[in-house]
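K.L.:
This is the structure, below, for whatever I ask next.
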Amino acid sequence: MYREDDYTKVTFGIGVDQEKYLEGATGQGDFLAKAQEAGMMWSWQAGYKFMVFEGTYTSENTTTETAFAFHMGSHGTAVDNYKEVSLDLTNSARVRTDLTPVIHVVSDVSNILDGTTKFLLDDAAQIHVDGVKSPQIAINVNTMFVIDHVHN
Numbered sequence: 029m030y031r032e033d034d035y036t037k038v039t040f041g042i043g044v045d046q047e048k049y050l051e052g053a054t055g056q057g058d059f060l061a062k063a064q065e066a067g068m069m070w071s072w073q074a075g076y077k078f079m080v081f082e083g084t085y086t087s088e089n090t091t092t093e094t095a096f097a098f099h100m101g102s103h104g105t106a107v108d109n110y111k112e113v114s115l116d117l118t119n120s121a122r123v124r125t126d127l128t129p130v131i132h133v134v135s136d137v138s139n140i141l142d143g144t145t146k147f148l149l150d151d152a153a154q155i156h157v158d159g160v161k162s163p164q165i166a167i168n169v170n171t172m173f174v175i176d177h178v179h180n
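Below you can see the structure in the form of structure tokens.
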């Protein structure tokens, strides 16, 4: 449901908030099945993957292609990495019954490695369930979005 107005900000969540997570498997409906099909879960007890960043890399120190994998999510209730992102719009998004704006959100995935916390793949090419590094990745992911422009 929407309300006709001129909007100046957009807010969205990265991941699954603890309230929804604690509803359990029966409370997830189709979302749980879709997350499982997409490989976005470790297991129900371990939680959802909010972001999967994988590939191969080389560097000065690693001359053969080497796999890397950063999986960020909450780990049950032990580590809550759910984040909300709020972005100011470049101009008002006018929502009316006859007008639906299109908001162009751009993400810079380099922030995953080069955000608030700097990660070198040579230091840690695999980060999954890590009580220190996983929250740092969540903060980096939170900073990777900007509003490019709005069409009304």
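Position 126 of the sequence shown, counting from 1, maps to 154 under my numbering, and the rest follow consecutively. Think of the CB as a built atom: it goes at the ideal place given N, C-alpha and C, for glycine as much as any other residue. Being a predicted model, the structure only gives us computed values, none of them experimental.
Output needed for Val169: all residues of its chain with C-beta closer than 8 Å, excluding positions within five of it in sequence on either side, in chain order.
P.N.:
Ile42, Phe78, Met79, Met100, Lys111, Asn139, Ile140, Gly143
K.L.:
Does DSSP put Val137 in a helix, a strand or coil?
P.N.:
coil
K.L.:
With a 10 Å radius around its C-beta and 16 neighbouring C-beta atoms as the bar for buried, classify Ala121 as buried or exposed.
P.N.:
Counting the other Cβ atoms within 10 Å of the Cβ of Ala121 gives 16 or more, which makes it buried.
K.L.:
Just to confirm my understanding: we take Asp33, look at its own chain, exclude 5 residues before and 5 after, and list those with CB closer than 7 Å. What are they?
P.N.:
Val123
K.L.:
So, with DSSP's three-state summary, where would you put Asp142?
P.N.:
Three-state DSSP puts Asp142 in a helix.
K.L.:
Does the separation of the CB atoms of Val157 and Ala74 fall below 8 Å?
P.N.:
yes
K.L.:
Which residues mark the beginning and the end of the alpha helix (DSSP H) in which Asn170 is found?
P.N.:
161 to 170
K.L.:
Return the bridge partner residues of Arg124 from the DSSP annotation.
P.N.:
Leu127
K.L.:
Please name the residue, chosen from Trp70, Thr171, His177, Phe59, that lies closest to Phe40 on a Cα-to-Cα basis.
P.N.:
Thr171
K.L.:
Pull the bridge partners of Leu115 from the DSSP assignment, please.
P.N.:
Its beta-bridge partners are Val38.
K.L.:
Less than 8 Å between the CB atoms is what I'm expecting for Gln46 and Thr105, so what's the real figure, rounded?
P.N.:
7 Å
K.L.:
Report yes if the C-beta distance between Val174 and Val134 is below 8 Å; otherwise report no.
P.N.:
yes
K.L.:
Among Leu117, Glu82, His132, which residue has its Cα nearest to the Cα of Lys37?
P.N.:
Leu117
K.L.:
Pull up the DSSP beta-bridge partners for Gln64, would you.
P.N.:
DSSP lists no bridge partner for Gln64.
K.L.:
Are the CB atoms of Asn109 and Ala166 within a distance shorter than 8 Å?
P.N.:
yes
K.L.:
Under DSSP, the beta strand (DSSP E) around Gly83 begins and ends at which residues?
P.N.:
From DSSP, the beta strand (DSSP E) with Gly83 extends over 75 to 85.
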